[in-house]
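Numbering (this note's numbering), first residue to last: 3 to 94. So the structure is just underneath, and the comments pick up after that.
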Amino acid sequence: MNPDAEIDHGAPLTPYRQLAEILRAQIRRGDWQPGRMLPSEAQLVQRYGIARTTVRRGLGLLADEGWVYAVPQRGGFVSDSLPPLPEAGSAS
3 MNPDAEIDHG APLTPYRQLA EILRAQIRRG DWQPGRMLPS EAQLVQRYGI
53 ARTTVRRGLG LLADEGWVYA VPQRGGFVSD SLPPLPEAGS AS
């Protein structure tokens, strides 16, 4: 997905999955280096016009996949060891 994409509420992909795809693409592009803090939930809510629970689900998906981790009372951070990129020809 395009790292500069917007959330499309009419798309077949749910908004939280779209957010995860966008953030994953931004991490791949180098917007946030390993160990760096991601924007806050409130900033992501404002930026993408989605609910906080949607943001949490998207970040949770990225955490489950190993892209980010949460530090209580601090926020989300990019993992030091990123998952491998999918092989060419497979969907991500």
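All residues carry an ideal CB built from backbone N, CA and C; glycine is no exception. Predicted, not measured: the structure shown is a model, and the values here were computed from it.
> Could you give the C-beta distance for Asp82 and Pro36, rounded to a whole number, given that I count them as a contact under 8 Å?
Replying inline: 5 Å
> What are the start and end residues of the alpha helix (DSSP H) that includes Ala44?
Replying inline: Glu43 to Tyr50
> Applying the criterion that 16 or more other CB atoms from any shown protein chain within 10 Å of the CB defines a buried residue, is Thr55 buried or exposed?
Replying inline: exposed
> In terms of residue numbering, what span does the beta strand (DSSP E) encompassing Gly78 cover?
Replying inline: Gly77 to Val80
>> Please report the straight-line C-alpha distance between Ile52 and Gln20, rounded to a whole angstrom.
In response: 11 Å
> Does DSSP put Val72 in a helix, in a strand, or in coil?
Replying inline: Looking at the sequence provided, one finds Ala at residue 72 rather than Val. Here Ala72 sits in strand by DSSP.
> Opposite Met3 in the DSSP bridges: which residues?
Replying inline: According to DSSP, which records beta bridges pairwise, Met3 is partnered with nothing at all.
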